[in-house]
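Report on the following structure.
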Amino acid sequence: MAKVTVIGLGNMGRPMALNLQKAGNETLGWDLVPAARDRFTSEGGRIANGLEGALKDADAVVSMIPAGPDVHAAYLGENGILVHAAKETLLIDSSTIDVDTSRAVSKAATEAGYMMVDAPVSGAQPAAIAGTLTFMVGGTVEAFEKAKPVLEGMGTNVIHAGPAGSGQAAKICNNMLAGTNMAVLCEALHLGQGLGLDPKVMFEIINKSSGQSWALTNYCPVPGPVPAAASNRNFEPGFATALMTKDMTLSQQAAQSAGVSTPLAAQARAMYQLLVNSGYADKDFSVIYEFLAGQKK
Ligand code: NAD
């Protein structure tokens, strides 16, 4: 088993690191924020003494941090990962970021003598906890093969999408769909309620009908039917609305640069932006349901 360091111990990185540990890897964690480090250790994780200590002797690094500028700074910054990691350390960025930044960081790392893959995930926090994430991986075949056993400690599906940046490209298409899906699911449940239907009965019916989706079955925005869903804990994330807005915006930037029309997703992006501007940034993205139903925080 390998020595693996996880950088970024938030909603996703923390359970991912704990699963790597359970899978028998010698795992260390690091986060810029002391509260995140404390929570990780309180759940059984081990913390290194600073980034330098976290990277010493690591066979692989998995970063799980918010956005492109964070990843750029974490890897290429003055006191960043490329300064402290040995050239033999495999670099795996599992954050969801824009394709251009992902390619630029990967190019810089490769030129500096490292092997790197982008390996964003799908499945959200319940899958991160259960160790059933899907990884979509961009990089050379050699780097993919090296990353696969590490990723299998955190997920059940590890798919090679193509060269560097391809994992991010696949992820952004997936999240554009997931975000749009959740928005229209919330509208359908809201409409049903307006027509006098019980949302729990609607869950039962749609779950067995052509409107069924991952959003409904695994992440139902109505409290009750899916115990692990954020709707049962006052929409604590899970996957924050701010992060879904980031992903929806990335999809629209990508669509623009590729000259592709995605009009429904553009509407859904505007919906998430409205939620952020209305004070819901830190709530789970499925809070659209509550927003539509009562516009209360
Ligand atoms: P989060 O905000 O809960 O956690 C991010 C953590 O990274 C924070 O604790 C922050 O302090 C830390 N961090 C930031 N920069 C750092 C650095 N340079 N060094 C060390 N730590 C640093 O976010 P999250 O929900 O865990 O999401 C992380 C990434 O995974 C994002 O790109 C997100 O889009 C993606 N993602 C999230 C989900 C989800 O359901 N939450 C699902 C799939 C993908």
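Per numbering that gives the first Met the number 0, the very first residue in the sequence shown carries number 0; after that it's consecutive.
Where a beta carbon is used, it is the ideal one built from N, C-alpha and C, also for glycine.
Exercise. Give the straight-line distance between the Cα atoms of Val104 and His71, rounded to the nearest whole angstrom.
Key: 6 Å
Exercise. Please list the segments of the beta strand (DSSP E) lying wholly inside the stretch 63 to 145, counting only runs of 3 or more residues, in order along the chain.
Key: 89 to 92, 114 to 117, 132 to 137
Self-check item: Best match in Val183, Thr131, Ser41, Asn48 for proximity to Ile6 [C-alpha to C-alpha]
Solution: Asn48
Quiz item: Where does Glu25 fall in DSSP's three states?
Solution: Glu25 falls in the strand class under three-state DSSP.
Quiz item: Does DSSP classify Gly166 as helix, strand or coil?
Solution: helix
Self-check item: Classification of Gly210 by the beta-carbon crowding that lies within 10 angstroms, buried from 16 upward
Solution: Burial call: exposed.
Quiz item: Counting along the chain, where does the beta strand (DSSP E) carrying Thr155 start and finish?
Solution: Counting along the chain, Thr155 sits inside the beta strand (DSSP E) bounded by residues 154 to 161.
Quiz prompt | Rounded C-alpha distance that separates Ile96 from Pro119 | solution = 8 Å
Quiz item: In terms of residues, what are the limits of the alpha helix (DSSP H) holding Val200?
Solution: First-last of the alpha helix (DSSP H) with Val200: 198 to 205.
Quiz item: Assuming Met114 contacts Met63 under a Cβ cut-off of 8 Å, what Cβ separation, rounded to an integer in Å, is found between them?
Solution: Met114 to Met63, Cβ: 19 Å. No contact.
Quiz prompt | Simplified DSSP assignment, three categories, for Ser277 | solution = helix
Quiz prompt | Candidates Leu17, Pro222, Ala241, of which the one nearest Arg232 by Cα | solution = It is Pro222.
Quiz item: Is any heavy atom in the ligand NAD found nearer than 7 Å to the beta carbon of Phe238?
Solution: yes
Quiz item: Between Pro14 and the ligand NAD, is the CB less than 7 Å from at least one heavy atom?
Solution: no
Exercise. Within its chain, find whatever has a CB closer than 7 Å to the CB of Ala73; leave out the 5 residues flanking it on each side and keep chain order.
Key: Apart from the 5 residues on each side of it in sequence, Ala73 sits with its Cβ closer than 7 Å to the Cβ of Ile6, Ser62, Ile64, Gly79, Ile80 in its chain, given in chain order.
Quiz item: Are the stretch 132 to 148 and the stretch 188 to 206 touching by the rule of at least three beta carbon pairs closer than 8 Å?
Solution: no
Quiz item: Looking at the structure shown, is Val259 part of a helix, part of a strand, or coil, going by DSSP?
Solution: coil
Quiz item: With respect to 7 Å, is the separation between the Cβ of Pro119 and the closest non-hydrogen atom of the ligand NAD below this value?
Solution: yes
Self-check item: Contacting residues, own chain, Cβ-Cβ under 6 Å from Val98 (five flanking each side not counted)
Solution: Here the set comprises Gly164, Gln167, Ala168.
Quiz prompt | Rounded separation between Lys296 and Leu184 - CA only | solution = Bear in mind that a pLDDT of 46 at Lys296, under 50, signals an unreliable position, so the model cannot answer this.
Practice problem: Determine the DSSP secondary structure at Asp283, reduced to helix, strand or coil. | Solution: Strand at Asp283.
Quiz item: Can at least three beta-carbon pairs, one atom from the stretch 241 to 252 and one from the stretch 127 to 134, be found at a separation below 8 Å?
Solution: no
Exercise. Could you tell me whether the Cβ atoms of Lys145 and Leu90 are closer together than 8 Å?
Key: no
Quiz item: For Glu141, which option in Ala127, Lys282, His159 has the closest C-alpha, if you only look at C-alpha atoms?
Solution: His159
Exercise. Take Asn276 as the anchor and find which of Thr4, Leu263, Phe290 has the nearest alpha-carbon.
Key: Phe290
Practice problem: Give the secondary structure of Val183 by DSSP, where H, G and I count as helix, E and B as strand, and everything else as coil. | Solution: helix
Quiz item: Does the distance from the C-beta atom of Ala182 to that of Ala239 stay below 8 Å?
Solution: no
Exercise. Look up Ala59 in the DSSP assignment and say whether it is helix, strand or coil.
Key: Looking at Ala59 - three-state DSSP - the assignment turns out to be strand.
Practice problem: Say yes only if the C-beta of Pro68 is nearer than 7 Å to one or more non-hydrogen atoms of the ligand NAD, and no if none qualify. | Solution: no
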